Structure formats: C-alpha cells, structure tokens
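Here is the structure we will look at.
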Amino acid sequence: MADSKKTNAAGAPFRPTLPVRSLADIRKLEETPLEQALTVRSTYEIFRNAGAAFGGKTALTFLRTGNPADAPIRWSYAELLARIHQTANMLQALGVGPQDAVAVLLPGCLQYHLALWGGEAAGIVQPLNPLLTDEKLVALMTAGRAKVLIAYGSDSESGMWSKAMRLRGQVPTLTTVLRVAPHDEAPGAVASLPEGVAEFDVLRSAQPSDRLVSGRDIAPSDIAAYFHTGGTTGAPKLARHSHGAQVFTAWASVQVAGMNEQGISINGYPLFHVAGVLPASLASLSAGMEVIIPTPSLLRNKEVLANYWKLVEKYRPTSLSAVPTVLAALANVPLDGADISSIGYCRTGAAVLSPELAARFERLFGLHVHESLGMTEMAGISTITPPGVDGPAGCVGFPLPYMRMRIVALDENGNASDRELPPGEQGMVLFKSPNLFSGFVDPADNAKAFTADGWLATGDLGWIDGDGRLNLSGRSKDLIIRSGHNIDPKVIEDALGAHPAVQLCAAVGAPDAYAGELPVVFATLVPGASASEDELLAFTAARVDEAPAKPRSVTVIEHMPMTNVGKIYKPELRAMAASRVVAATVAQVCGELGVAPAARPRVRSEGESLVQVRIDAAAAGALAAPLQAQIRTALEALPFKTQVLAE
Numbered sequence: 010m011a012d013s014k015k016t017n018a019a020g021a022p023f024r025p026t027l028p029v030r031s032l033a034d035i036r037k038l039e040e041t042p043l044e045q046a047l048t049v050r051s052t053y054e055i056f057r058n059a060g061a062a063f064g065g066k067t068a069l070t071f072l073r074t075g076n077p078a079d080a081p082i083r084w085s086y087a088e089l090l091a092r093i094h095q096t097a098n099m100l101q102a103l104g105v106g107p108q109d110a111v112a113v114l115l116p117g118c119l120q121y122h123l124a125l126w127g128g129e130a131a132g133i134v135q136p137l138n139p140l141l142t143d144e145k146l147v148a149l150m151t152a153g154r155a156k157v158l159i160a161y162g163s164d165s166e167s168g169m170w171s172k173a174m175r176l177r178g179q180v181p182t183l184t185t186v187l188r189v190a191p192h193d194e195a196p197g198a199v200a201s202l203p204e205g206v207a208e209f210d211v212l213r214s215a216q217p218s219d220r221l222v223s224g225r226d227i228a229p230s231d232i233a234a235y236f237h238t239g240g241t242t243g244a245p246k247l248a249r250h251s252h253g254a255q256v257f258t259a260w261a262s263v264q265v266a267g268m269n270e271q272g273i274s275i276n277g278y279p280l281f282h283v284a285g286v287l288p289a290s291l292a293s294l295s296a297g298m299e300v301i302i303p304t305p306s307l308l309r310n311k312e313v314l315a316n317y318w319k320l321v322e323k324y325r326p327t328s329l330s331a332v333p334t335v336l337a338a339l340a341n342v343p344l345d346g347a348d349i350s351s352i353g354y355c356r357t358g359a360a361v362l363s364p365e366l367a368a369r370f371e372r373l374f375g376l377h378v379h380e381s382l383g384m385t386e387m388a389g390i391s392t393i394t395p396p397g398v399d400g401p402a403g404c405v406g407f408p409l410p411y412m413r414m415r416i417v418a419l420d421e422n423g424n425a426s427d428r429e430l431p432p433g434e435q436g437m438v439l440f441k442s443p444n445l446f447s448g449f450v451d452p453a454d455n456a457k458a459f460t461a462d463g464w465l466a467t468g469d470l471g472w473i474d475g476d477g478r479l480n481l482s483g484r485s486k487d488l489i490i491r492s493g494h495n496i497d498p499k500v501i502e503d504a505l506g507a508h509p510a511v512q513l514c515a516a517v518g519a520p521d522a523y524a525g526e527l528p529v530v531f532a533t534l535v536p537g538a539s540a541s542e543d544e545l546l547a548f549t550a551a552r553v554d555e556a557p558a559k560p561r562s563v564t565v566i567e568h569m570p571m572t573n574v575g576k577i578y579k580p581e582l583r584a585m586a587a588s589r590v591v592a593a594t595v596a597q598v599c600g601e602l603g604v605a606p607a608a609r610p611r612v613r614s615e616g617e618s619l620v621q622v623r624i625d626a627a628a629a630g631a632l633a634a635p636l637q638a639q640i641r642t643a644l645e646a647l648p649f650k651t652q653v654l655a656e
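Heads up, our numbering is the position in the sequence shown plus 9, with the first residue counted as 1.
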C-alpha cells in the first residue's frame with residue numbers, strides 16, 4: 010500500500026472497478042499494482058473522501074425501536090465527518106496519542122461510529138464485548154493500556170454503565186470515562202458525574218469540526234485498533250489491526266461485492282466484532298452506502314426480528330447480511346405481504362451455513378445466501394462470494410485481490426504442515442494478504458498464528474474447487490459457535506474436569522434452531538464414584554463465568570468415544586447431542602398430538618451427520634400422517650440433517 014505523504018485535498022471514494030464473477034476477474038484487478046490501485050492510507054482518509062464526495066447524503070440511520078412507524082435518526086456523510094473530527098480532537102485534548110488505546114463499551118448506536126473512527130484518527134480503538142465479565146474486561150483494557158473508556162450511560166443494555174463504573178479503578182492506565190447518553194435523553198438528565206467522568210457529547214461538541222487539530226499524518230502501518238479474539242472465553246488475546254489492513258478490507262470488499270452509493274444495508278452485527286465494524290460498516294461507508302443500525306440491541310431486539318421484513322419494505326435495503334443463526338430466526342418470520350424486492354444480495358458468515366437452512370431461505374424468500382469467510386486476524390474478511398455467483402452451502406467464495414491462499418495437509422498434531430494439497434483435497438486453509446493483522450499485542454500469542462514461513466494458519470478446514478473458490482468443511486479447533494460467538498470447549502471441560510467424580514469430559518455444540526449451537530457436555534465418572542447430572546451441571550455453571558458458555562446439560566455416559574490414537578472423538582458426541590435434541594422435539598410433538606407412549610417414534614443417529622426418526626405407521630394409526638408432517642416441520646429449523654420416515 011502506498012506510503013507517500015497524503016495531500017490536503019480529498020480523494021475519491023471507493024468504487025468497484027469491474028463486476029467480479031470469476032477468479033479471472035480477481036486476477037484482472039491484480040494486473041494493476043496494489044500501490045496504484047489503492048492509495049488511501051488510513052480509515053480517517055476514507056471518511057474525509059466520503060464526506061467530500063457524498064456530503065448531504067445519508068450515511069447512518071439509527072432506528073429508535075423495531076416499529077417501522079417510528080421516526081429514525083439520520084446523519085449525513087458531512088455530519089459524520091464533522092463529528093469524527095470533533096471526537097478525535099476531544100480525545101487528543103484528553104491526552105490520547107497514536108500509541109494510546111481508547112476502549113469502547115457501547116451497544117448499537119450512532120456514537121459507536123464516532124468512537125471507532127474518531128478513536129482511530131487520534132489513537133488506537135479497542136472495542137469491547139459487553140458480555141464479558143469484569144475480570145476479563147479489566148484484563149483486556151490493561152493489556153491494551155487503555156487511557157480512555159467510552160461507555161453507554163445506561164444499564165438498559167447489558168448493564169454497561171454500572172460495569173464501566175466498576176472498571177474505573179481497576180485499569181492502571183485509565184484516566185477518563187466518557188459517558189454516551191442514550192438517544193433522545195433530555196439535556197441535564199444526569200445531575201453530576203464523578204471526577205474523571207464526563208459527558209461524551211458535551212466535550213465533543215466544544216471541539217473544531219472541520220479538521221484534525223493534531224494535523225496527524227497517519228501511515229498505513231500505524232495501528233488503528235485492538236480486537237480481542239480467541240472467542241468470548243479463555244485468556245484474552247488482542248489482535249492489532251493497522252490502518253492499511255482495515256483500508257484494504259474496505260477497498261477489496263467494495264471491489265468483490267460491487268458496493269456503491271446506491272446501496273443500503275441493515276447492519277445487525279455487534280460493533281465490537283470485526284464483521285460489524287469492517288465489512289459491514291467501513292466498507293459500506295467507504296462506498297457511500299447508507300448503513301442502518303437497528304436499535305441499541307440490534308438483531309437481539311425481538312421487535313426488530315418480528316418486524317424485519319416490514320423494516321425492509323420501509324427502508325429498502327439492497328443487501329441482507331447476517332450470521333446463519335439470525336437467518337434461521339428470520340426464516341420463522343412470515344413475509345406477511347411485505348415487499349422485499351429491494352434486496353438483491355444476501356450474505357452470511359461467522360459460521361458455515363447448513364444446506365438445509367440455505368435451501369429453506371431460498372424457498373421462503375427467493376434469496377440465495379452467499380457465504381463469505383472472515384476472521385479477526387485478517388481485518389474481518391478473507392473470501393467473498395460476490396453477487397451473481399451462486400455456490401453450494403459451505404462455499405465461501407473467491408480470495409480477495411492480491412491475497413494468496415493455500416490448502417496444506419495437517420500434521421500428526423492437527424497443525425498445518427508444509428505439504429501443499431491440490432484443488433479438491435481437504436486440509437487447513439492458509440492465507441497471506443495485505444489485510445493480515447499486525448500480530449497480537451502479546452508476542453507469545455503469535456507462535457501458533459503463523460507458519461514458519463509467515464502464512465496465517467487459520468485452523469479452518471476446507472478445499473479449493475474447480476472455480477478457485479474456497480469451500481469450508483469444518484473447524485480444526487472444535488469451537489462451539491453460539492449466535493456467532495465462539496465458545497472454547499476447553500473452558501467448559503476444565504470447569505467440569507475439576508469435579509472429583511469426573512474422569513473424562515468433552516463439551517460440544519448441540520444443534521439449536523435459534524442459536525445454531527448450544528454448549529453441552531458429556532462425562533464419564535471415576536470408577537466407584539457417583540454424582541448426579543444436575544450436581545455436575547451446577548458445579549460446571551458456577552465455574553464458567555460467561556453466561557453464553559455455561560453448558561445447557563451434562564450427560565453422564567459409560568464410555569467416552571475415542572479415536573484409535575486415544576483422543577476423544579467429538580463427532581460421535583455431537584451426533585449424540587443432536588439425537589437428544591431431536592428426541593426432545595419428537596416427544597413434544599407427540600405430547601401435543603396425544604400419541605400414546607407405545608406408538609411414539611424411534612430416534613437414532615445414522616453415522617455422524619444424520620438423525621433418523623422412524624414412525625411405526627401401524628402403531629400410530631390415523632395419527633401417522635399428521636405426526637410425520639409436524640415432526641418434519643419442527644425439525645426443519647435445526648442446523649442438523651434429519652430424516653423422518655413412516656414405516
């Protein structure tokens with residue numbers, strides 16, 4: 010990326026060079042040297058260019074509620090740039106410099122964009138997951154040496170303000186807390202604030218809005234952000250993003266996805282996550298799109314989900330982007346006559362899309378779901394399936410321009426080897442790219458991130474098809490993905506393993522229609538020991554500090570499934586967990602229909618990826634047909650393959 014000094018004149022916003030429909034189109038883009046194709050040096054420059062190009066056009070639309078009749082709050086590109094200037098100038102006045110971190114603890118709101126982009130213009134922004142415990146937030150902020158915390162001034166969203174007040178005295182480097190008032194809060198609603206705490210908007214509005222007072226010349230190699238990775242549990246790891254990496258993500262997303270100023274999107278991803286910040290926000294705004302923020306709770310807001318298609322009809326988004334679990338939830342929301350014809354592109358990521366959900370979504374709404382792959386270590390995006398290119402579920406598309414991708418065999422420890430595999434063969438996915446992160450804050454965390462020759466070892470398993478697209482087949486690290494959150498099973502296993510009666514245990518994801526996966530754990534007991542499943546569940550839950558990671562159940566089994574080299578074989582456990590979920594669903598349907606216990610269907614696993622439900626038609630009698638139909642309907646939303654047979 011170009012390192013030449015910037016000029017004072019604003020440049021052009023990002024625009025797609027050509028429609029990308031094949032790997033050949035990616036290679037065509039690469040014919041222009043990157044330093045010529047991409048001259049923007051910082052995220053601040055993106056907003057300066059967009060502000061100059063789009064001026065009064067709407068940049069951000071905030072929905073106060075999920076009711077389509079309620080009036081939104083809108084900011085233009087010019088207003089957004091002016092407020093980014095003010096935010097950066099305020100942070101500089103508070104002593105924030107290019108090496109200082111600004112921690113952010115906010116829900117979905119307009120000010121999040123000021124914290125992000127103003128924070129990056131002044132220093133280093135550090136978005137925080139509000140679901141983390143105080144202990145982990147303190148550890149993250151201490152590792153990042155956060156100087157300022159920007160926090161939501163209410164407990165209505167995950168208790169953020171109380172949490173911010175508790176964090177104040179626990180981070181040695183923290184000097185100031187800035188309170189972001191909830192939207193439409195009356196002036197002076199808060200009588201006074203403690204020393205070292207100030208109102209975000211009051212301090213911001215006193216600053217110049219037409220320039221960076223610092224005159225800072227931001228280099229592409231300057232660090233823009235710290236994002237925590239490794240899931241929502243376990244030891245915190247802070248990934249460093251350079252301005253150049255984030256700018257490349259925005260530019261490459263615009264090129265491959267064909268984004269332009271006619272576009273409108275609803276960004277329901279949380280803004281502490283790279284997907285919400287970079288592909289869904291920075292890329293969209295770099296191209297002049299309108300980005301809609303659907304209430305502070307985003308897509309966790311039940312009113313937003315219930316009215317989603319009506320909101321689409323009102324705001325006319327041109328694209329729909331959401332994790333598979335949200336798509337599964339939307340599949341249960343009827344159109345009810347809503348006009349969703351504005352949507353021309355539907356995309357998902359964060360977890361592999363199940364073929365059943367992909368087919369269901371297309372059948373219900375006429376929308377083919379395009380998949381992408383993104384990760385924190387690559388500034389949010391690695392591969393994209395562009396508009397106009399349909400792929401099977403699991404196909405996550407083409408590598409970005411100027412990116413290199415390899416598939417290598419796994420070694421005996423399940424790590425990346427140096428043996429490259431040909432197209433069609435499955436192995437670990439490796440990348441080199443201009444948006445590769447700048448390593449972790451703690452150098453010790455870098456050892457497993459890269460191969461000896463500098464490739465990013467993703468931990469994802471996949472293969473390259475004949476069209477040059479990446480197809481994912483699994484995860485080498487058995488993470489449990491609950492509503493887009495990565496849960497490390499080891500945290501659960503370590504907690505349960507501390508019980509004196511437990512000999513072996515393993516946590517896996519059980520399929521769930523809404524969350525995608527819910528953590529459950531299987532255990533064997535020490536010979537001669539005894540413990541109830543309820544006792545073990547309570548013991549484990551007390552030792553897993555984050556609510557989403559607490560297991561839903563503990564199942565005691567006689568023998569733990571093992572591989573021939575003595576490792577616990579989790580695919581069999583996942584099949585067992587899926588069978589239990591299916592059996593519970595079948596029992597509920599039978600209860601609703603009044604099916605006698607003797608006539609109830611049999612549920613059993615068929616291999617590792619299929620659960621069968623077998624109905625005895627003679628025993629069920631007249632209830633056989635409605636029983637089969639209702640069970641099929643009930644199981645359709647599960648992200649696991651099921652089969653319902655009447656015999």
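No residue lacks a Cβ here, since even glycine has one placed at the ideal position from N, Cα and C.
On a predicted model such as this, the values are computed, not experimentally measured, just so you know.
Just to confirm, is the Cβ distance from residue i to residue j under 9 Å?
i	j	result
Lys-246	Val-450	yes
Val-332	Ser-492	yes
Ala-190	Asp-210	yes
Ala-587	Phe-649	yes
Ala-406	Thr-392	First, the amino acid is wrong: residue 406 is Gly here, not Ala. Result yes, Cβ atoms of Gly-406 and Thr-392 sit closer than 9 Å.
Arg-561	Ala-507	no
Pro-528	Pro-509	no
Ile-55	Leu-409	no
Leu-69	Asp-79	no
Leu-176	Leu-187	no
Taking the continuous beta strand (DSSP E) assigned at residue i, which residues delimit it?
i	result
Met-59	Per the sequence presented here, residue 59 reads as Ala, with Met not at that position. Premise fails: Ala-59 lies in the alpha helix (DSSP H), 52-63, not in any beta strand (DSSP E).
Lys-559	Looking at the DSSP string, Lys-559 is not in any beta strand (DSSP E), and its letter there is neither H nor E.
Tyr-235	232-238
Gln-512	511-521
Cys-355	354-357
Lys-66	It is not in any beta strand (DSSP E) - Lys-66 carries neither H nor E in the DSSP assignment.
Glu-299	299-303
Trp-84	82-85
Ile-35	Here Ile-35 belongs to no beta strand (DSSP E); instead the alpha helix (DSSP H) covers 32-38.
Within 10 Å of its beta-carbon, does residue i have 16 or more other beta-carbons around it, so buried, or fewer, so exposed?
i	result
Gly-675	In the structure displayed, the chain extends from 10 to 656; residue 675 sits before or after that span and is not available.
Ala-266	buried
Met-387	buried
Leu-644	buried
Met-298	buried
Lys-579	buried
Lys-145	buried
Gly-575	Reliability fails at Gly-575, whose pLDDT of 43 lies under 50, so the model's placement of it is uncertain and no value is given.
Lys-457	exposed
Pro-139	buried
Asn-455	exposed
Pro-606	exposed
Thr-241	Residue placement at Thr-241 is flagged as unreliable, the pLDDT there being 33, under the threshold of 50; the coordinate-derived value follows with that caveat. Per the 10 Å Cβ criterion, buried.
What residues are listed by DSSP as bridge partners for residue i?
i	result
Val-622	Val-612, Val-653
Thr-392	Leu-382, Pro-408
Pro-136	Val-113
Val-186	Leu-158, Val-206
Thr-533	Leu-513
Glu-526	Pro-520
Ala-437	In the sequence as displayed, the identity of residue 437 is Met instead of Ala. DSSP output for Met-437 lists Val-417, Leu-470 as bridge partner(s).
Val-568	The displayed chain sequence assigns His, not Val, to residue 568. Answer is none; His-568 lacks a bridge partner.
List the whole-angstrom C-beta distance separating residue i from residue j, where the pair is believed to meet the contact cut-off of C-beta under 8 Å.
i	j	result
Pro-279	Leu-307	6 Å
Ser-214	Gln-95	7 Å
Ile-496	Ala-550	14 Å between Cβ atoms; not a contact.
Ala-28	Ala-296	According to the sequence displayed, residue 28 carries Pro and not Ala. With 8 Å as the limit, Pro-28 and Ala-296 do not qualify as a contact, their Cβ atoms being about 14 Å apart.
Ala-315	Gly-75	7 Å
Residue range of the alpha helix (DSSP H) that residue i falls in?
i	result
Ser-295	292-295
Arg-478	Looking at the DSSP string, Arg-478 is not in any alpha helix (DSSP H), and its letter there is neither H nor E.
Gly-128	119-131
Arg-213	209-214
Glu-429	Looking at the DSSP string, Glu-429 is not in any alpha helix (DSSP H); the run it does join, the beta strand (DSSP E), is 425-429.
Asp-508	Correcting the residue type first, residue 508 is His in the shown sequence and not Asp. Neither: His-508 is in no alpha helix (DSSP H) and is coded neither H nor E.
Leu-545	542-550
Lys-172	169-176
So, does the CB of residue i fall closer than 9 Å to a CB anywhere in chain C?
i	result
Ser-330	The structure shown contains no chain C, having only a single protein chain.
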